[in-house]
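Reading through the structure tokens given below for one structure.
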Amino acid sequence: MMAIKTIYDLTADIKKDSWYDITKPPGLAGEIAEDIAAGEVREQPRLRAVAALHELVIASKGKIKTPSGMKGNLLTICIADSAGGKDRSQSHFKMIARDIDKGQHVFGRIASSKDIGRTLINHEGVATFIIDECHGLFGVMSQKNGATYMAELGSEILSIYSDRLKKFSDLDAINAKELLEKELKKLRAEVKDKGIVETEYRRREMQLEREILWPIQNGIEDPIFSMMCFSTPEKLASIICSENIGTGLIGRAIFIKGKDGRARKAKRFGHKTPPSLIEKMKQIEKSAPTVARYEDTMVEQLAESLDDRFEELRNDVALGAVISRSFEQVEKVATALSAGNKGVITEAMLMWAFCFVCESLTDVMSMLKVNESQEELGTMARWNEIKNRIENVLSGRTRDDSMPQSSIIQRVVKTKSLKGLAEAIARTNGEDFNFGAKTLITPVMQALMESRAIDAVGCGYWINDASKFESTKMSIKFSQIVEGIGMNMAAQRGWR
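Last residue of the sequence shown: number 501 in our numbering, and the count goes up by one each step with no gaps.
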């Protein structure tokens with residue numbers, strides 16, 4: 006195995022084209038992704054797999070543990086532009102859950118930490134929350150001086166996502182006993198009014214105790230708490246920082262960047278999921294084993310070698326806390342994929358899951374670098390900020406899905422510092438903002454082309470070698486532009 010020194014080395018020697026297409030996951034998940042695509046009005050191909058994974062988890066009610074014995078739940082955060090088509094994945098998940106009689110396990114918001122416990126108690130310990138605009142939830146939870154109940158909510162989500170046994174407080178037990186007594190009072194009144202026989206009364210009394218009191222007293226074993234979250238690039242990026250990544254939910258989430266911008270509307274109306282797919286989904290719970298297994302010894306050995314790759318980066322300064330949990334995420338994704346294959350993880354499923362998680366890591370690293378460079382001052386900081394934003398914007402792009410230079414420039418020049426520089430360049434030259442933005446960004450793109458970090462055909466750009474972004478040195482031309490503008494702005498302030 007090659008030496009793993011950076012996150013970019015994780016897949017450097019793997020022929021990803023042979024194993025990984027985020028739009029086409031292996032097995033039944035691929036069929037689900039195709040069905041989502043058939044009903045999309047605005048294409049969001051990279052989000053289809055996310056919905057497919059969550060649908061497979063809920064179809065099995067999360068009862069399939071990973072080969073190493075972890076719960077098979079998922080926490081995903083999808084990043085896409087507002088009105089960019091992410092609603093199709095959300096609605097497909099809800100409709101499939103309804104059609105396979107699992108709709109009672111799907112929820113749209115989390116009101117409080119107590120709300121999570123009540124939801125799990127009332128719905129057999131299984132719940133998936135679809136959280137739109139999740140940056141608000143994560144942002145408030147990460148505030149040091151935020152409301153106490155939000156801090157409690159963050160702690161509860163983190164606990165219930167990982168814990169094997171959900172325990173409740175004495176206050177919860179008291180409340181449960183009060184609720185049980187109210188329900189028993191109603192039952193006794195019904196017995197008196199309708200003349201229900203003693204044996205039926207005892208049966209229903211026991212049922213009420215089992216539903217209301219027992220979960221509180223005994224706890225819920227292996228609660229399946231999943232979250233499918235959505236946000237926009239600008240709003241979510243603000244909470245991707247070292248402090249939040251190293252701990253809590255951000256460190257346990259899988260990030261998926263959707264298609265940039267808004268695709269043109271497709272003429273797709275009235276698509277209905279075929280009954281054959283719904284029937285396959287219904288069969289999952291019946292055929293689901295307790296624990297997923299690797300198909301054979303070769304796949305099991307492959308899993309160990311992939312785990313070793315992450316272990317080599319366990320002390321990475323920036324992402325060590327996330328990377329240390331990354332193989333757990335690989336197993337969770339592979340286990341979700343296996344739900345459509347009676348819990349058997351094939352080589353294709355394992356490799357797809359590995360590449361999926363590695364892509365999430367590179368996206369998090371990219372967002373982290375963008376945020377950290379924004380906070381710094383000076384010409385070098387602006388160089389790094391632009392370079393990191395280009396990497397972030399082009400993340401996931403290939404030659405077949407390249408991005409025009411004009412779109413790159415438009416998306417990169419969004420921060421306060423870069424907007425100010427672009428405006429200053431435009432004023433100095435008597436030109437418009439677009440001229441200033443192009444003048445600022447072009448030297449960086451040229452340097453990245455020369456280092457082979459990015460590549461292009463015509464005006465379409467994509468990432469050629471992400472590992473070379475870090476080593477691409479600042480060009481003299483960029484330095485002259487930024488420092489010249491800085492001196493000009495200083496002079497203008499002096500004249501005032």
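Where is the CB? At the ideal position from N, CA and C, for every residue including glycine.
Leaving out five residues on either side along the sequence, give the residues of the same chain with a beta carbon under 6 Å from the beta carbon of TYR13.
The residue given as residue 13 occupies position 8 in the sequence shown. The answer, listed in chain order, is ALA471, SER472.
Less than 8 Å between the CB atoms is what I'm expecting for ARG215 and GLY89, so what's the real figure, rounded?
Counting from 1 along the sequence shown, the entry for residue 215 is found at position 210. Counting from 1 along the sequence shown, the entry for residue 89 is found at position 84. About 46 Å; that fails the 8 Å criterion.
Which residue marks the beginning of the beta strand (DSSP E) containing PHE235, and which one marks its end?
Along the sequence shown, read from residue 1 onward, the residue named residue 235 stands at position 230. Here the beta strand (DSSP E) through PHE235 covers 229–236.
Quick check: GLY256 and ILE84, are their CB atoms within less than 8 Å of each other?
Within the sequence shown, numbered from 1, the residue matching residue 256 stands at position 251. Within the sequence shown, numbered from 1, the residue matching residue 84 stands at position 79. It is not a contact, given that the beta carbons lie outside the stated cut-off.
So, do the segment 363–379 and the segment 322–331 have three or more beta carbon pairs nearer to each other than 8 Å?
yes
Is the beta carbon of ILE391 closer than 8 Å to that of VAL417?
Against the sequence shown, residue 417 aligns to sequence position 412. Against the sequence shown, residue 391 aligns to sequence position 386. Yes, these two residues count as a Cβ contact at 8 Å.
What's the gap between the Cα of LEU80 and the Cα of ASN389?
Here residue 80 refers to the residue found at position 75 when the sequence shown is read from its first residue. Here residue 389 refers to the residue found at position 384 when the sequence shown is read from its first residue. Taking the straight line from one Cα to the other gives about 31 Å.
Under 8 Å, do LYS443 and ILE414 count as touching if we go by C-beta distance?
The residue you call residue 443 lines up with position 438 of the sequence shown. The residue you call residue 414 lines up with position 409 of the sequence shown. Yes.
Taking the alpha-carbon positions, what's the VAL348 to ILE19 distance?
Within the sequence shown, residue 348 is the residue found at index 343, counting from 1. Within the sequence shown, residue 19 is the residue found at index 14, counting from 1. For clarity, residue 348 is Gly in the given sequence; the question names Val instead. Computed Cα separation, rounded: 25 Å.
Could you have a look at LYS482 and say whether DSSP puts it in helix, strand or coil?
Your numbering for residue 482 matches position 477 in the sequence shown. DSSP places LYS482 in helix when its eight states are reduced to three.
Any contact of the segment 105–112 with the segment 48–66, i.e. 3+ C-beta pairs under 8 Å?
yes
Please report the straight-line C-alpha distance between GLN410 and ILE244, rounded to a whole angstrom.
Taking the first residue of the sequence shown as position 1, residue 410 is located at position 405. Taking the first residue of the sequence shown as position 1, residue 244 is located at position 239. Whole-angstrom Cα-Cα distance: 28 Å.
Below 8 Å on the Cβ atoms is my contact criterion, and I expect LEU213 with LEU185 to pass it. Report the Cβ-Cβ distance as a whole number of Å.
Locating residue 213 in the sequence shown gives position 208, where the first residue counts as 1. Locating residue 185 in the sequence shown gives position 180, where the first residue counts as 1. That belief holds up - the Cβ atoms of LEU213 and LEU185 are roughly 6 Å apart, short of 8 Å.
I believe GLY32 touches MET479 by the beta-carbon criterion, under 8 Å. Please report the beta-carbon distance rounded to the nearest angstrom.
For the purposes of this step, residue 32 is taken as residue 27 along the sequence shown, with counting starting at 1. For the purposes of this step, residue 479 is taken as residue 474 along the sequence shown, with counting starting at 1. Actually they do not touch by this definition, with Cβ atoms about 47 Å apart.
In the DSSP assignment, what residue or residues form a beta bridge with PHE134?
As a first step, residue 134 is located in the sequence shown; it is residue number 129 there, counting from the start. DSSP output for PHE134 lists PHE112, MET232 as bridge partner(s).
Which two residues bound the contiguous alpha helix (DSSP H) that contains MET175?
Mapped onto the sequence shown, residue 175 falls at position 170. The sequence shown places Asp at residue 175, rather than the Met named in the question. 175–199 is the extent of the alpha helix (DSSP H) around ASP175.
State yes or no: is the C-beta of LEU192 nearer than 7 Å to some heavy atom of the ligand ADP?
The ligand ADP is not part of the structure shown, which contains no ligands of any sort.
Report the rounded CA-to-CA distance for ASP86 versus PRO238, giving the unit in angstroms.
Along the sequence shown, read from residue 1 onward, the residue named residue 86 stands at position 81. Along the sequence shown, read from residue 1 onward, the residue named residue 238 stands at position 233. Taking the Cα positions, ASP86 is about 7 Å away from PRO238.
What residue from ILE115, SER167, ASN127, GLN288 has the CA that sits closest to LEU142's CA?
As a position in the sequence shown, residue 142 is number 137, starting the count at 1. Measuring from the Cα of LEU142, the nearest candidate turns out to be ILE115.
Distance, Cα to Cα, ASP175 vs ASN346?
Counting from 1 along the sequence shown, the entry for residue 175 is found at position 170. Counting from 1 along the sequence shown, the entry for residue 346 is found at position 341. The alpha-carbon atoms of ASP175 and ASN346 are separated by roughly 42 Å.
Rounded to the nearest angstrom, what separates LYS119 and PHE235 at their Cα positions?
Against the sequence shown, residue 119 aligns to sequence position 114. Against the sequence shown, residue 235 aligns to sequence position 230. Computed Cα separation, rounded: 23 Å.
In angstroms with no decimal places, state the Cα-to-Cα distance between GLN497 and LYS29.
If you number the sequence shown from 1, residue 497 lands on position 492. If you number the sequence shown from 1, residue 29 lands on position 24. Note that GLN497 scores 44 on pLDDT, short of 50, meaning its location in the model is unreliable and no value can be drawn from it.
Is VAL338 closer than 8 Å to LEU58 when the C-beta atoms are compared?
Sequence index remark: in the sequence shown, residue 58 carries index 53 (1-based). Sequence index remark: in the sequence shown, residue 338 carries index 333 (1-based). Result yes, Cβ atoms of LEU58 and VAL338 sit closer than 8 Å.
Since ASP227 and LYS76 are thought to touch, with beta carbons under 8 Å apart, how far apart are those beta carbons, to the nearest angstrom?
For the purposes of this step, residue 227 is identified with residue 222 of the sequence shown, where counting begins at 1. For the purposes of this step, residue 76 is identified with residue 71 of the sequence shown, where counting begins at 1. Confirmed, Cβ separation roughly 6 Å.
Helix, strand or coil for ASP321? Go by DSSP, reduced to three states.
By 1-based counting over the sequence shown, the position of residue 321 is 316. The answer is coil: DSSP assigns ASP321 none of H, G, I, E or B.
How long is the line joining the alpha carbons of ILE350 and ALA461, rounded to whole angstroms?
Walking along the sequence shown from the start, residue 350 turns up at place 345. Walking along the sequence shown from the start, residue 461 turns up at place 456. Each residue's Cα considered, the two are about 37 Å apart.
Which word fits ASP301, buried or exposed, when buried means at least 16 other C-beta atoms lie within 10 angstroms of its C-beta?
Position 296 of the sequence shown, counted from the first residue, corresponds to residue 301. It counts as exposed.
Return the first residue and the last residue of the beta strand (DSSP E) that ALA38 is part of.
Along the sequence shown, one-based indexing puts residue 38 at 33. Unbroken run through ALA38 is the alpha helix (DSSP H), 33–43; no beta strand (DSSP E).
Along the chain, where does the alpha helix (DSSP H) that runs through LEU52 open and close?
Counting from 1 along the sequence shown, the entry for residue 52 is found at position 47. Per DSSP, LEU52 is not a residue of any alpha helix (DSSP H), being assigned neither H nor E.
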